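Contents: one structure, followed by commentary.
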Amino acid sequence: MTIKDIEINRDLKKTQSLINLFYHPVLVVNNDLDILASNNKLNESEALSSNLPIIIDAIVPLLNGEQELAFCVIEGEEKLCTVMPMEHGRTLVKIARSKPSALAKRYYNLVTAIDKIPDAAIICSDGKIDLVNEHFQNIFPFCGNKSLNGVPLDSILNDFSDYFAQGDSHLQAVTYRFLRRKFNSKQEISLSFTAPDGQFYEYRDNLTFTGGRVGLIINESQIKGLNEQLEISFNEATALSNAKSNFMAAMSHEVRTPLNGIIGLLDLCEHQEEFKGNELLKRVSKSSASLLSLINDVLDFTKFDANMVQLSPSNVNLRVLCEELIDTFYGQAKQQNVELTLFVDPVISRIVSVDEHRLTQVLTNLISNGLKFNQKLNATLRLEVLQDDLTNYIHFNVIDNGIGIESTKIHTIFDRFTQANDDIHKTFGGTGLGLSICQKIVQLMGGGIYVDSELGKGSTFVVQLPLEACSASEIELAPANLGSFTFETNSAVFFNDLKRYAERFHFNARLIDSLPGNALPNHFYLLDSSSSSEAGLIKTEQALHDSRSTMPTSQIALLVDNVNMHAHTHSTFKQIHLVPLKLAELFSLSAPQAAASSTPLANTSPNNISDRLRILVVEDNPDNIYVLKKQFNALNIKASFSISAEEAIIFFEQQPFNVVISDYQMPVITGGELIGILRGLEESEQRPKATMLILTADNSKQCQAHCNEVGVDRILMKPLTLHTLVELISRLNNEQPTPSSSIETTPVEPEPEVHFFEDDFFDDSSEVNSKIDPTRVFDISALTDIVGDISPQEEYDYLCGFEKNLHKDFPHMCDLVDVKDWQALSKLAHKLKSSARIVGAYHLSQKCEAVEHAGRQEPVDQLILLDWEEMKLAIEALIAHLRKYLEYHDSTQ
């Protein structure tokens, strides 16, 4: 035994004597956790002496400096352990039976819980690590078995960055800067990384109210794997769905192409003498139209299913749209003996922003269903357009008293290929796609569609849409003295609608049996002719003439259904629609002075207008130039015409024009760009501002925004009717200073916002009809509506030029399709769209609009080829009809 061993034994004896003085059990351990001594209190306790390993494990965090207190449970009794360092690398361990403080106990429980959780955890405060659990050290091998308690975060950020970057020096630098900035600015961190063993982890932390940071590192490998499998499955399902959609679109196209040819041939046959009135041809034509409608539904559904439908909102007159819908269905309703009515609340803005084609499609489907499923003796169908006072949504209510729907089936009727019950298909036919398509359109518009129905009593379908108001309401725009008028009628149907408008506009409405002997001032008498033929109308008029009534004819109007609206064109009395009640017709009765002077220029001499207005018209389409020249000649108004924007700039520099009317879509320099250039010339030369007008068939918001940006005063919709031109010239003439006015007079500033004329929209019921009846090729009466009365030779000359230009442009369009130059095709389609409307080719105009819209999309609509095929067939049909029409003219000369 060495002297050192003797000294150690002497120290141990002293230590033993000292620890025996302790009241609590005490033991002494060295750095290797070997027990060197224990006092009598500990040795006397069998529970403690037999469970020393538990005590040793509990005090390890104390010896490592990670904790100040440690707890352990010995035979069900909780013990509190504390340590005190001694000489020669020894440590005194004190074991107390007293219960710990509530704070210490919570701390111990927290540490235990953190060690037990399956995720890695780290707790930091004051820029240092307070605690990490075992899982944290297992994930990051650079931690090893060393204690991280109290280690500054900055000292290990590089280690973390290296681990995340896995050898990528640039990523390591970026990661280091990212973590350092987040820690120093006390921002929460969220990131993901892949460990070298391939495991995928997500780190997320939260800041405590004291500025500490509690972070978790969660193993998301299993979830990531499931997500990857789900993404693969989704892509496979999407590919299958796209393949199905493409197949359906291709099949619809392959069927529709020959079907359009059949319909075109049938239409040609119906115009030939030997086939006129052929009942078999009528049945085949009707069946073809039904088949085409079905194919259109399938194609529409395919587009929605593939999320390929985009809305094209434009400024729309809601009342005109609804009136034309009722006009379209009136003949069918009359044939089925269904009372069809319309009410559009005049508190609604006259013009709203909406996709006209899609809204028409929804309402057409609902009205068509209301007629189809209504076979009662006293059948009724109402279309009501109201505004919700709370949300300002527009409600379109289609109400019928038909067969109704079972309450258990209401929730399924919007499902695709679903009808209320199996008997519906057997009795009424149909595919069950219509309402599903309606729901998709309405949802795309940001609205909703709902139904309230009772079996045997009828149904109410409600479409709610958030439509943007683009003008004042009809009540605000109504004549100021309307409340002083009284409208009397002998038609109960007309009176029911009349009294609803009377409540809104505060005029008087009365139901009468017969005409009074003398007319009262401001009273107007609306008489139901009770006939659907020209002979019946003549009989009604004769009865009025024979009644010896002293009533002025200006206070009497005949209510005529729209089927025979023009049966008697030389009527002494004014004719207005029985159904639907059209406010414009009604109010025209109360303004006889306006009716007496059909043009606002009646009291303005052409010389005066010529002196005041110096008009420059810019149009690159020869057909449109012809029409515009005829219109200005008809009004005896001088105007200069330019066939390009470049030429217009030269004209404008040389002459003091105060009115410029320009086409919008032109090559090289567009109409909008031209107006911007002309405004720049005015500013640089300090010229008075001219009135700048854009003439276009594009009623989109983008067009309106561009025109507003470059300084356009007003936008006119193509084709410009003679009536609209008359009103426009009158308005411009009144705005211009008289010739005697000083040149120094400050010009009238243009309106700050550009809006479409409310009366400039080309609203024609035949256009709506063409959407349902694509066999209608052209209507030459549209030309006379636009340019006024023209001679047969002038009509022939115009159609010859139109046919020649169309025949020249058509091959160019086909070439553009071959090279897939969709943008150029879109421009030609836009050009043809307005020209087609001039000759009443509304079906072709609609197809041009579809191609124009599809060609402008980014990326281009995949179904543009289908739209082009329809446009192509419509062009071929129009060329054939024009040639036949012109040949007939030649043969009669």
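As numbered in the numbering used here, residues 28 to 920 make up the sequence shown, in order.
Virtual Cβ for every residue (Gly too), placed ideally from N, Cα, C.
Keep in mind it's a predicted model, so treat the numbers as computed, not measured.
Beta-carbon proximity of residue i to residue j, cut-off 8 Å
i	j	result
D555	S518	yes
L63	D146	no
N344	I378	yes
K899	E879	no
S667	I642	yes
I421	L348	no
V138	L158	yes
A148	F163	yes
V804	H750	no
E350	K609	yes
S853	S339	no
M693	D650	no
G544	G483	no
G461	D332	no
Per-residue DSSP class, three states only, for residue i
i	result
S317	helix
Q299	coil
I156	strand
G474	coil
G563	Because the pLDDT at G563 is just 47, under 50, the model does not fix this residue reliably, and the value given afterwards should be weighed accordingly. Three-state result, G563: helix.
T237	coil
H593	Only weak support exists for where H593 lies, its pLDDT of 49 falling under 50; the value from the coordinates is given anyway. The answer is coil: DSSP assigns H593 none of H, G, I, E or B.
L25	Outside the shown range of the chain (28 to 920) lies residue 25, about which nothing can therefore be said.
Y50	coil
T811	helix
V371	strand
V520	helix
H533	coil
T329	helix
P506	coil
Neighbour-count burial assignment, residue i, 16 or more Cβ in a 10 Å radius
i	result
N66	buried
D416	exposed
F488	buried
I902	buried
A623	Caution applies to A623, whose pLDDT of 37 falls short of 50 and renders its modelled position unreliable; the value that the coordinates give is listed next. A623 comes out exposed.
K40	exposed
D427	buried
S314	exposed
N533	Looking at the sequence itself, residue 533 is His, so the reference to Asn does not match. So H533 ends up on the exposed side.
C841	exposed
Q337	exposed
T811	exposed
G194	exposed
S918	exposed
V644	buried
K874	buried
D1001	Residue 1001 is absent from the structure shown; the chain starts at 28 and stops at 920.
I144	exposed
E34	exposed
P607	buried
T221	exposed
In DSSP terms, what residue i is bridged to
i	result
N246	Y228
F220	Y228
R741	L720
H604	V587
M111	L119
A97	C108
I421	Q414, L492
H916	Answer by DSSP bridge pairing: none, since H916 is not bridged.
V645	S669, S689
C151	I156, R240
- request: Pair every Cβ in the region 823 to 839 with every Cβ in the region 847 to 867, then say whether three or more of these pairs are closer than 8 Å.
  value: yes
- prompt: Would the region 722 to 735 and the region 688 to 708 be scored as touching if the rule is three or more Cβ pairs under 8 Å?
  reply: yes
query: Do the region 395 to 413 and the region 365 to 374 make contact, defined as three or more Cβ pairs closer than 8 Å?
result: yes
- request: Pair every Cβ in the region 242 to 261 with every Cβ in the region 214 to 232, then say whether three or more of these pairs are closer than 8 Å.
  value: yes
message: So, does the region 358 to 369 touch the region 383 to 402, judging by three or more C-beta pairs under 8 Å?
response: yes
- prompt: Counting pairs of Cβ atoms below 8 Å between the region 382 to 389 and the region 300 to 320, do you hit three or more?
  reply: no
- prompt: Is the number of C-beta pairs between the region 98 to 115 and the region 180 to 189 that are closer than 8 Å three or more?
  reply: no
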